[in-house]
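What follows is a single structure, written as structure tokens, with notes after it.
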Amino acid sequence: MPELPEVEVVRRALQNDLLDRRIVRADVREARLRWPVAPELADRLRGARPRAIERRGKYLLLRFDGGTLIIHLGMSGSLRFLPQAGPPARHDHVDLVFEHGVLRYHDPRRFGAMLWQPDEQGGPERHPLLAGLGIEPFSAGFGGEHLHRATRGRRVSIKQLLLAGTAVVGVGNIYASESLFRAGIAPSTRAGRLSRARCEALAGAILATLSDAIERGGSSLRDFVGADGSSGYFQLDCFVYGRAGKPCRVCGDTVRVRRDQQRATYWCRSCQR
Ligand SMILES: [Zn+2]
1079 MPELPEVEVV RRALQNDLLD RRIVRADVRE ARLRWPVAPE LADRLRGARP RAIERRGKYL
1139 LLRFDGGTLI IHLGMSGSLR FLPQAGPPAR HDHVDLVFEH GVLRYHDPRR FGAMLWQPDE
1199 QGGPERHPLL AGLGIEPFSA GFGGEHLHRA TRGRRVSIKQ LLLAGTAVVG VGNIYASESL
1259 FRAGIAPSTR AGRLSRARCE ALAGAILATL SDAIERGGSS LRDFVGADGS SGYFQLDCFV
1319 YGRAGKPCRV CGDTVRVRRD QQRATYWCRS CQR
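So that you can map any letter, position 137 of the sequence shown is 1215 in the working numbering, and since no number is skipped, the others follow by simple counting.
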């Protein structure tokens, strides 16, 4: 599933390729995504130019004069810009045909979304899917103080709180495990019991982990949005995630795993308290 770093890398690529370029037409071959693609979308986009390409959580926001196209890649979606597009293949559901190439949306499982939010209904931040999202990790308001405030009185584990996305967006399972390792915090620690200093450490670890992933994605940008359409996790050099039974890279103790609700939690008992 594409996570925040993957989506951010896609955003940067689209910004390079598409900003202010004109859409000739939109071809919607399959409208049945997680929510149906609106029948009038093609009319809205004809002749339009993306004026800004932003990201909120895992949502891509293509801002046009008069409205915003909100795109989510779901479980298996990918966006590729093809300067010379061949005929669409299976699961290539939507093409935005520009004068200089085609932006192609591919999604075998169709859990993604492509939604139009007109400006008169407020900006995309007013859309129900985006309105309840937590703070952006790379925004000025995020840091130890914010995490400390957001965790007060919370009895859930810090890992569960991070995954919920209400305290901060974009820290999915892999990034939560890695951030907690870097901060030396056991994943099962009750969120409300974290000291201010540990919240500072965790905020720093979240930023470092996400930045590393974006940087790695950035260096393999061509491959990522390239012809194979792959959209897996970037090859992060994980400390604990996916390393159950192997020696901890810092202390040599065995990395543990616990599975609950189909999610695996990896941690080192010696490094994380
Ligand atoms: Zn260790």
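The C-beta atom is built at its ideal place from N, Cα and C for all residues, glycine as well.
Pick from the options that is closest to residue i, judged by C-alpha positions
i, options, result
"ILE1213", "LEU1111, ARG1133 and ARG1341", "ARG1133"
"VAL1115", "GLN1195, ARG1230, PRO1161 and MET1079", "GLN1195"
"ALA1163", "ILE1148, LEU1174, GLY1179 and VAL1172", "GLY1179"
"ALA1126", "LEU1147, ARG1112, ALA1254 and LEU1138", "LEU1147"
"VAL1087", "ARG1158, PRO1165 and VAL1102", "ARG1158"
"GLY1201", "ARG1141, THR1229, GLY1190 and LEU1181", "ARG1141"
"VAL1335", "SER1266, GLU1223 and LEU1241", "SER1266"
"LYS1156", "GLU1223, THR1287 and ALA1091", "In the sequence under discussion, the amino acid at residue 1156 is Ser, which differs from the Lys named in the question. If we check each option's Cα against that of SER1156, ALA1091 comes out closest."
"ARG1124", "LEU1174, GLN1199 and GLN1339", "LEU1174"
"ARG1069", "ARG1274, GLY1270 and GLN1238", "Within the shown structure, residues of the chain are numbered from 1079 to 1351, placing residue 1069 beyond reach of any answer."
"LEU1119", "ASP1105, GLU1223, ARG1227 and ARG1099", "ASP1105"
"ASP1098", "GLU1177, MET1079 and ALA1322", "GLU1177"
"SER1255", "ARG1188, ARG1089 and ARG1337", "ARG1337"
"LEU1138", "ARG1103, ALA1167, LEU1207 and ALA1109", "LEU1207"
Neighbourhood of residue i by C-beta distance below 8 Å, restricted to the same chain and skipping five residues each side
i, result
"ILE1263", "ILE1236, LEU1272, ARG1276, ALA1279, LEU1280, GLN1350 and ARG1351"
"PHE1204", "Going by the sequence as given, residue 1204 is Arg instead of Phe. Closer than 8 Å at the Cβ level, and outside the excluded window around ARG1204, lie GLN1195."
"ASP1185", "LEU1111, LEU1151, GLY1152, SER1154, GLY1155, SER1156, HIS1169 and HIS1171"
"VAL1249", "LEU1082, PRO1215, LEU1240, LEU1241, GLY1243, SER1257, ILE1284 and LEU1288"
"GLN1093", "ILE1131"
"ARG1268", "ARG1232, ARG1233, VAL1234, SER1235 and ILE1236"
For residue i, three-class secondary structure by DSSP
i, result
"PRO1206", "helix"
"VAL1333", "strand"
"GLY1270", "helix"
"PRO1114", "strand"
"ALA1264", "coil"
"LEU1181", "strand"
"GLY1190", "coil"
"SER1255", "helix"
"ALA1130", "strand"
"SER1289", "helix"
Close-in-space but distant-in-sequence residues of the same chain around residue i (CB under 6 Å, 5 per side omitted)
i, result
"VAL1324", "Correcting the residue type first, residue 1324 is Lys in the shown sequence and not Val. For LYS1324, where only same-chain residues beyond five positions count, the Cβ hits under 6 Å are VAL1333."
"GLY1310", "In this prediction, GLY1310 scores a pLDDT of 46, lower than 50, which makes its location untrustworthy; no coordinate-derived value is stated."
"ALA1305", "Here the model assigns ALA1305 a pLDDT of 36, short of 50, so the residue's position is not dependable, and the following value carries that caveat. Result list for ALA1305: empty, nothing under 6 Å."
"LEU1193", "ILE1148"
"ASP1197", "GLY1144 and GLY1145"
"ARG1188", "LEU1111"
Contact set for residue i: own chain, Cβ-Cβ below 7 Å, skip 5 residues either direction
i, result
"CYS1329", "CYS1346, SER1348 and CYS1349"
"ARG1327", "PHE1317"
Beta carbon proximity, residue i to chain E, threshold 8 Å
i, result
"ALA1245", "Of the chains in the structure shown, none is chain E; there is only one protein chain."
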